[in-house]
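For the sequence shown, our numbering assigns the number 94 to the initial residue and increments by one for each residue that follows.
Reviewing the structure listed below.
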Amino acid sequence: MYSDIASNKRKTAIIMVLFFAFLALIIWLFDKYLGGGTGVFYGGLIGALFYVVITYYSGSKMALAVNQAHEIQKSDNPRLWRIVENLAITDGLPMPRVFIMNDPSPNAFATGRDPKHASVCVTSGILEIMSDDEMQGVLAHELGHIKNYDIRVSMVAFALTAIISLLADIMIRLTWFGGEDRDESNQLFLILGIVAAILAPIVATLIQLAVSRQREYLADATSALTTRYPDELISALQKIQRTGSVARRQNTATAHLFFVNPLKGHSITHLFDTHPPIADRIKRLQDMGTHA
């Protein structure tokens, strides 16, 4: 377990280095386009770093806001609060903030920077169809992400996805509104803008995939170890497998945070899926129960 936490921290550093290398290349192209000596390169890097830091620290609020989650207190939903509180005590974690998002799809996610700044969110749909035992399995999974520091890696991924998308948008806007007196340069901007627009979702997906599927398996295992009863989580996954998990509000930037994939469709090879197949997760949990 501790080696996995250390691995998450190392992967976060690698993601940051690779991202800034990509970003530096794009800013360098801009600097060359403007003739060099303009300060664009260093100014752009400083600005990007500043943006990433801000997004990292506000990413949790952004993730909750884009999914229209609202915070609750114990009196608002004693059942949900009690389950989260008991699991936090069992795991030796601070009590996270608790949120509910009004969506009929059965799902949940955890977010934050570390266990002291963590939040857990569930959909109204999952509260309706899950028993208390099944909810315990699901929420133990989400608290597993907090315990294993997966939420920190997820926030980095969210921050990087946001700035990549912003960069692509800026390049497109500069292409169309860059003025009419620099036709050849505008054509260069158009090419760069198109390339950036194509690369942005691909790079964003790869960043999300850096939040490895192994983290989902690890959180499932953590849930089973916490509750001492993997059948709770197996039953919850089977229910979601039957009912589907597609969210009413589609948001690719936060999809990797969820308990199961909230997006429509998936690749044939599952190469670009943000989550491992539910059947595979069930199989691993069943194997855990067999060897217990």
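Here a beta-carbon is modelled for each residue, glycine too, at the ideal position from N, C-alpha and C.
All values reported here derive from a predicted model rather than from experimental measurement.
| Query | Result |
| --- | --- |
| Nearest-angstrom Cα separation, counted from Ala106 out to Tyr242 | 14 Å |
| Rounded straight-line distance, which links the Cα of His349 to that of His157 | With the sequence shown as reference, residue 157 is identified as Leu, and His is not the correct amino acid for it. Near 13 Å, if we compare the C-alpha coordinates of His349 and Leu157. |
| Ile361 classed as buried or exposed, judged by whether at least 16 other C-beta atoms fall within 10 angstroms | Low per-residue confidence applies at Ile361: pLDDT is 49, beneath 50, and the placement is therefore not dependable, though the value from the model is reported in the following sentence. Exposed. |
| Sequence-distant residues of its chain with Cβ nearer than 8 Å to Pro187 (five each side left out) | Ala181, Pro208, Lys209 and Ala211 |
| 8 Å Cβ cutoff met for Ser316 and Leu326 | yes |
| For Gln161 and Ile176, the rounded distance between their alpha carbons | 22 Å |
| At least 3 beta-carbon pairs within less than 8 Å: the segment 243-250 vs the segment 217-234 | no |
| Selected residue, minimal CA-CA separation from Ile108, among Lys240, Ile295 and Leu299 | Leu299 |
| Through-space distance from Val145 to Thr320, alpha-carbon basis | 37 Å |
| Environment of Met94 [buried if 16+ CB atoms lie within 10 Å] | At Met94 the pLDDT is 49, less than 50, meaning the model places this residue with poor confidence; the figure from the coordinates comes in the next sentence. Per the 10 Å Cβ criterion, exposed. |
| Best match in Asp196, Tyr149, Leu232 and Ser151 for proximity to Thr183 [C-alpha to C-alpha] | Leu232 |
| Contact under 8 Å by Cβ, Leu116 with Ala141 | yes |
| Met381 versus Pro323: straight-line alpha-carbon distance, rounded | 8 Å |
| Reference Ala312, options Arg374, Pro171 and Tyr150, closest by Cα | Arg374 |
| Boundaries (first-last residue) of the alpha helix (DSSP H) holding Thr216 | Counting along the chain, Thr216 falls outside any alpha helix (DSSP H), though it belongs to the beta strand (DSSP E) covering Ala211 to Thr216. |
| 8 Å Cβ cutoff met for Asn354 and Thr336 | no |
| Inter-residue Cα distance where the pair is Gln331 and Gly218 | 15 Å |
| Environment of Gly205 [buried if 16+ CB atoms lie within 10 Å] | buried |
| Identity of the residue in Thr347, Asp196, Ile284 and Arg308 nearest Leu236 by Cα | Arg308 |
| Backbone CA spacing between Val215 and Tyr135 [nearest angstrom] | 42 Å |
| C-alpha distance - Ile333 paired with Gly132, whole-angstrom precision | 52 Å |
| Through-space distance from Tyr310 to Ala201, alpha-carbon basis | 16 Å |
| Counted within 10 angstroms of its Cβ, other Cβ atoms place Ala250 as buried (16 or more) or exposed | buried |
| Rounded distance between the beta-carbons of Val159 and Thr347, thought under 8 Å | 6 Å |
| Own chain residues within Cβ distance below 6 Å of Thr148, not counting five before or after | Ala252 and Ala255 |
| N- and C-terminal bounds of the alpha helix (DSSP H) containing Phe143 | Val133 to Val159 |
| Cβ-based neighbour list, Ile222, same chain, cut-off 8 Å, excluding 5 preceding and 5 following | Pro199, Lys332 and Thr336 |
| Spatial distance of Tyr150 from Ile165 (CA atoms) | 22 Å |
| Residue ranges of each alpha helix (DSSP H) within the segment 317-356, 4 or longer | 323-336 |
| For Thr204, the three-state DSSP class (helix, strand or coil) | strand |
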